Structure formats: C-alpha cells, structure tokens
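Working notes for the structure below.
There are 2 protein chains.
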Amino acid sequence: MTTSAETSAATAPVGPVRLLLADDEHLIRGALAALLALEDDLLVVAEAASGPEALAMARAHVPDVAVLDLQMPGADGVKVATSLRAELPGCQVLIVTGHGRPGHLKRALEAGVRGFVPKTLSAQRLAEIIRAVHAGNRYVDPELAADAISSGDSPLTAREAEVLELAVDGAPVAEIAERAALSPGTVRNYLSSAVTKLGAENRHAAVRLARERGWV
Amino acid sequence: MTTSAETSAATAPVGPVRLLLADDEHLIRGALAALLALEDDLLVVAEAASGPEALAMARAHVPDVAVLDLQMPGADGVKVATSLRAELPGCQVLIVTGHGRPGHLKRALEAGVRGFVPKTLSAQRLAEIIRAVHAGNRYVDPELAADAISSGDSPLTAREAEVLELAVDGAPVAEIAERAALSPGTVRNYLSSAVTKLGAENRHAAVRLARERGWV
DNA sequence: CTCTCGGCATGACAAATGTCAGACGCGGAA
DNA sequence: TTCCGCGTCTGACATTTGTCATGCCGAGAG
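Have a look at this one:
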C-alpha cells in the first residue's frame with residue numbers, strides 16, 4: 114500500500130515479498146524459513162504450527178503470501194485458505210503437500226488457493242513459484258493436476274457421500290442410521306449404491322477408495 | 114581433540130561427522146541439508162530420495178551417521194536400517210518421522226537403530242542428537258517412547274496378525290481364507306479373536322487400531 | 001507319564017450386511 | 001401438460017459376517 118504502481122502486474126517487485134509459513138513439523142518449517150531467507154526478495158514475517166495459529170498470525174502480520182501445509186492440526190490448509198480469502202483478500206495462498214490426494218486440489222482451487230505444489234520440489238523452484246503467485250499468477254504442479262483430472266469428479270450424490278463419511282471408522286449400519294436420521298434400510302441402500310459406483314468389493318473398500326481420491 | 118585418539122570412544126570428535134540424508138521430499142531434504150551444513154562439525158556427504166537409493170549411497174560414501182525418514186518409497190527407514198546394520202556396522206542410524214506410530218519405534222530399535230525422533234523438533238536439537246548418536250549414545254524422543262510403552266506389545270498371535278493383515282483392503286472372508294490357505298470358518302474365528310483383543314467394534318475398526326499401533 | 005494350558009482349526013447358529021424391486025417428489029424435455 | 005429421469009427413501013430377501021461350543025495337537029508343569 115505505498116505508491117501508485119501497485120497493480121497486479123508481474124513486472125517489477127517494489128519490496129520484499131512478506132511470507133507466512135505454516136507447517137506443524139518445526140524441523141521442516143525452520144529449515145524452510147532458513148532456506149527462503151537466502152533469497153533477498155523474500156522475507157518470512159511469521160510462522161505457525163497449526164491452522165488456528167496460522168490464521169492468528171496472518172491477522173497480526175498481514176503477509177503477501179501464505180505458504181500452508183495441507184495437513185495441520187486444528188484446521189487443514191484449505192480451511193485456513195477459505196478464512197484467509199474472506200479476511201485478507203490481498204493475501205495469496207500457496208499450498209504445499211506431502212502426499213497429495215486428487216480431491217484436495219479441487220477443494221483448494223474452489224477455496225481460492227493460487228498455488229498447489231508437492232514437497233518433492235527444490236527450494237529454488239519453490240521460491241520462483243512464490244514470486245509467481247505473488248505476482249497474481251496461478252501455479253499447479255503438473256503431476257498433481259494430471260491426477261486430479263484423471264480421477265475426475267465424484268460420482269456420489271450428497272447423501273451417498275454423507276453416509277460413506279459416517280462409515281469411515283467401521284461403525285455398524287444402525288449407528289450410521291441414527292447419526293444420519295435415516296432408516297437402516299436406506300443407509301444400506303446408499304452404501305450399496307456408493308460401493309457400486311466406486312467399483313469396490315464392499316463399503317470398507319469403498320471408504321478407502323473415496324478417501325484416496327479425496328471424495329469424502 | 115586432535116591427537117592420537119581415533120578409537121571409537123565417545124569422548125572427542127576427531128573430524129566432521131559425515132552424514133547421509135534420506136527423505137523422499139526433496140524440499141525438506143534440501144532445506145535440512147542446508148541447515149545442518151551451518152554446523153561446522155557436521156558434513157552432509159550424500160542424499161537419497163528412496164530406500165534403495167539410500168542403501169546405494171551408503172555403500173558408496175560410508176557415512177558415520179545415516180538420517181533416514183521413516184516413510185520412503187521402495188523400502189522404509191527400518192528396512193534400510195536393517196540392511197545397513199549388516200553391511201556397515203560402523204554407521205549409526207537415526208530415524209526421523211512425521212507421524213510416529215508406536216509399533217515402528219519397537220521395530221526400529223530391534224533393527225539396531227540408535228535414534229528415533231519426530232519432525233516436530235528444532236534443527237538445533239537435531240544437530241545435538243546427531244552428535245549424541247555418533248558418539249555411541251542412544252536417543253529416543255520421550256513422547257514417542259511414552260506412546261510406545263503405553264500401547265505395549267501386540268496381544269495378537271501370529272495367525273491373527275496374518276489374517277488381519279490380509280483384511281486391510283476390505284477383502285471378503287472367502288478371499289482371505291484362500292490367500293491364507295485356511296477354512297473360512299477359521300478365518301472368521303481369528304478375526305473375531307483379534308477384534309475382541311483389540312476391543313474393536315468389528316474387524317475393520319480392528320484393522321484401523323492395529324495399524325495405528327503398528328501391530329500389523 | 002499325565003495333566004493342563006494355549007494356539008490352531010472347524011462347523012452350526014444368530015446377527016449384520018448387501019441386493020433388489022418399488023414408491024414418492026421434483027425439475028427438465030417433449 | 002404430461003412424461004421421463006434422477007435422487008431420495010423404504011422394507012423384504014439372500015448372503016456374508018460374528019459368536020459360540022468343540023476337538024486336536026505340542027509345550028511345559030507336576
């Protein structure tokens with residue numbers, strides 16, 4: 114918020130890019146901070162170890178770019194991104210993930226995330242991507258994008274997904290029925306339908322498949 | 114600290130500690146290498162992104178300490194440690210892990226691993242622990258140790274564990290029976306027994322519990 | 001040696017699950 | 001408007017799964 118030239122054009126940086134780093138693994142976060150600090154146009158202004166903490170830090174320091182791990186205690190990267198989008202529209206979000214499951218990418222993009230990359234990336238590349246995101250561009254890792262496209266959209270209806278989600282911890286049908294306020298027969302029917310659509314052997318295998326593809 | 118003493122005694126370092134770093138996440142590995150390089154008594158001589166690669170690098174460079182991620186493609190940290198123990202007895206192994214499950218710690222110690230720590234650790238502490246391990250001491254993260262002790266040993270018999278393992282992907286009993294060369298009735302009996310011992314609702318919940326505790 | 005205990009193995013029965021045919025309401029196409 | 005397709009919901013029926021009582025065998029105690 115300084116002079117006139119603050120259009121979203123990518124041409125000339127007017128100052129260091131202010132970064133928020135959030136990852137629950139201190140070792141990784143610290144190492145990453147040290148490495149990004151070597152780039153003289155990047156500046157780490159805040160670090161966080163959980164979803165809520167990331168949000169609080171963002172409010173306090175108003176970073177230009179938030180680099181968020183996908184899996185964090187409290188609230189995952191996508192949830193944080195959603196809140197951030199509403200509270201700090203000027204802050205771009207970049208998600209890094211260890212083992213990216215296809216569905217997450219879709220959710221992330223819907224939440225307004227500008228970048229999505231795996232951790233199998235050099236720090237050099239990460240720095241470049243941070244600059245690109247700050248400049249207003251998007252970047253999605255090609256391999257993750259290919260996975261997401263090949264796995265496609267969820268074929269499950271809302272109820273099917275809901276019931277499948279209640280089945281994740283191996284609960285019996287009666288309990289699912291009660292928690293979903295449905296007849297046990299109906300629950301069986303939805304589960305059966307979901308199992309068929311996913312081409313699974315039974316509902317437990319279906320749960321596994323749906324989780325792998327990020328559909329629950 | 115320079116004179117004659119080149120025995121394997123733990124007292125005085127005679128030169129930089131030569132490190133092998135193995136982690137499938139390039140970003141983390143690179144950042145870690147950079148950070149450890151700041152310590153002038155530590156020297157990263159090799160890096161690897163998978164289990165087999167770690168083994169090959171170890172043979173080629175003969176490091177003093179191998180810092181291995183627990184989850185890697187090809188072969189996990191414990192398997193690599195086992196091979197290393199046999200081939201390079203002089204090389205101490207330190208395992209780092211993101212989400213440590215109790216059973217892994219036990220397996221690791223049985224494989225001759227000297228250190229076991231989570232990634233929620235500062236680089237400073239990691240460097241200290243690397244030195245301790247190199248000096249011949251052991252170090253196990255207190256919290257992980259507590260988890261391992263509280264969860265205790267597996268109460269499952271060999272067959273029970275075997276059958277439970279075949280049930281991980283939700284296969285029907287008939288298939289498990291065929292793969293284990295048992296009668297379907299026997300398979301049900303083992304599963305039932307395992308479910309009871311683990312205090313689970315059904316076998317799928319039992320599989321989940323056993324995996325969480327590292328018993329399968 | 002004999003007894004007892006624990007792991008291995010099996011089949012019968014009860015309970016939970018998967019499958020099926022069908023009813024209702026809603027929104028788009030004919 | 002009328003019809004058709006789709007999602008929602010239900011109960012009846014066949015299959016699969018969980019539980020139980022029981023037998024066999026080897027190891028260690030008495």
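Residue numbers (my numbering), protein chains in the order written: chain L, 114 to 329; chain A, 114 to 329.
Here a beta-carbon is modelled for each residue, glycine too, at the ideal position from N, C-alpha and C.
Keep in mind the model is a prediction, meaning the values are calculated, not measured.
Backbone secondary structure at residue i - three-state DSSP
i: Ala125 (chain A); result: For Ala125 (chain A), the predicted structure reports a pLDDT of 48, less than 50, and the residue's modelled location is therefore unreliable. A value from the coordinates is still provided. Reduced to three states, the DSSP call for Ala125 (chain A) is coil.
i: Asp260 (chain L); result: helix
i: Gly211 (chain A); result: coil
i: Gln71 (chain A); result: This structure cannot settle anything about residue 71 (chain A), because the visible part of chain A is limited to 114 through 329.
i: Glu166 (chain A); result: helix
i: Asn315 (chain L); result: coil
i: Pro268 (chain L); result: coil
i: Gly327 (chain L); result: coil
i: Val193 (chain L); result: helix
i: Val253 (chain A); result: strand
i: Val227 (chain L); result: Note that residue 227 (chain L) is Arg in the sequence shown, not Val. In this structure, Arg227 (chain L) counts as coil in the three-state DSSP scheme.
i: Ala280 (chain L); result: coil
i: Val308 (chain A); result: helix
i: Val175 (chain L); result: coil
i: Leu331 (chain A); result: As shown, chain A starts at 114 and ends at 329. That puts residue 331 (chain A) outside it, with no answer to give.
i: Ala248 (chain L); result: coil
i: Leu183 (chain L); result: coil
i: Ala188 (chain L); result: coil
i: Ala144 (chain L); result: helix
i: Leu133 (chain L); result: strand
i: Leu222 (chain A); result: helix
Buried versus exposed call for residue i [16 or more other C-beta atoms within 10 Å across all chains shown]
i: Leu151 (chain A); result: exposed
i: Glu200 (chain L); result: exposed
i: Pro202 (chain L); result: exposed
i: Asp182 (chain L); result: buried
i: Ile262 (chain L); result: exposed
i: Gly418 (chain A); result: Shown here, chain A extends from 114 to 329; a query on residue 418 (chain A) therefore has no answer.
i: Gly190 (chain A); result: buried
i: His317 (chain L); result: buried
i: Gly265 (chain A); result: exposed
i: Arg172 (chain L); result: exposed
i: Val320 (chain L); result: buried
i: Ala169 (chain A); result: exposed
Close beta carbons around residue i, own chain, < 7 Å, minus the five adjacent residues each side
i: Leu148 (chain A); result: Ala236
i: Arg292 (chain L); result: Leu279
i: Ala123 (chain L); result: Per-residue confidence for Ala123 (chain L) stands at a pLDDT of 46, beneath the threshold of 50, marking its modelled position as unreliable; the derived number appears in the next sentence. Excluding residues within five positions, the ones whose Cβ falls inside 7 Å are Ala248, Gly249, Asn250.
i: Glu275 (chain A); result: Ala293
i: Ser296 (chain L); result: Ala290
i: Ser306 (chain L); result: Glu273
Residue i: contacting residues in chain A (beta-carbon distance under 9 Å)
i: Glu314 (chain L); result: Asp282, Gly283, Ala284, Pro285, Glu288
i: Leu239 (chain L); result: Leu140
For residue j and residue i, believed in contact at Cβ under 8 Å, the rounded distance
i: Glu314 (chain L); j: Ala284 (chain A); result: 7 Å
i: Gly225 (chain L); j: Val246 (chain L); result: About 12 Å separates the two Cβ atoms, so there is no contact after all.
i: Pro255 (chain L); j: Lys310 (chain L); result: Going by Cβ atoms, the distance from Pro255 (chain L) to Lys310 (chain L) rounds to 28 Å, so no, they are not a contact pair.
i: Leu133 (chain L); j: Ala159 (chain L); result: 5 Å
i: Val286 (chain A); j: Arg301 (chain A); result: 6 Å
i: His139 (chain A); j: Leu234 (chain L); result: 6 Å
i: Gly211 (chain A); j: Arg326 (chain A); result: Wrong, their Cβ atoms sit about 17 Å apart, outside the cutoff.
i: Ala144 (chain A); j: Ala144 (chain L); result: 4 Å
i: Pro165 (chain A); j: Ala188 (chain A); result: 6 Å
Sequence-distant residues of the same chain with beta carbon closer than 6 Å to residue i, five excluded per side
i: Glu278 (chain L); result: Val329
i: Val253 (chain L); result: Phe229
i: Ile208 (chain L); result: Leu181, Leu183, Gly190, Ala221, Val226, Phe229
i: Ala146 (chain A); result: Leu134, Val157
i: Ser121 (chain A); result: Summary for Ser121 (chain A): the model assigns pLDDT 44, below 50, so the residue's position carries little reliability; its value from the coordinates is reported in the next sentence. None.
i: Arg272 (chain L); result: Tyr303
i: Ala194 (chain A); result: Val206, Ala224, Val226
i: Leu218 (chain L); result: Phe229, Leu257, Ala261
i: Gly298 (chain A); result: none
Beta-carbon neighbours of residue i, restricted to chain L and to distances below 7 Å
i: Thr299 (chain A); result: Neighbours of Thr299 (chain A) on chain L: none; closest Cβ ~20 Å, over 7 Å.
i: His317 (chain A); result: Gly283, His317
i: Gly211 (chain A); result: Glu138
i: Lys232 (chain A); result: Glu138, Leu140, Ile141
Own chain, CB closer than 8 Å to residue i, minus 5 neighbours either side, in chain order
i: Pro129 (chain A); result: Asp153, Asp154, Leu155, Leu156
i: Asp137 (chain A); result: Ala162, Ser163, Asp182, Gln184, Met185, Pro186
i: Asp177 (chain A); result: Val130, Arg131, Leu132, Gly203, Cys204, Gln205, His247
i: Gly213 (chain A); result: Leu183, Phe229, Pro231, Asp254, Leu257, Asp260
Proximal residues of chain A, C-beta to C-beta of residue i below 8 Å
i: Arg321 (chain L); result: Asp282, Gly283
i: Ser196 (chain L); result: Those within 8 Å of Ser196 (chain L) in chain A number zero; the least Cβ separation is about 24 Å.
Under 8 Å by beta carbon: chain L residues contacting residue i
i: Ser235 (chain A); result: His139, Leu140, Gly143
Interface partners of residue i on chain L, CB under 9 Å
i: Ala147 (chain A); result: Ala144, Ala147, Leu148, Leu151, Ala236
Closer than 7 Å: residue i CB and nearest the ligand COA heavy atom
i: Gln184 (chain L); result: What this structure holds is no ligand at all, so the ligand COA is not there to describe.
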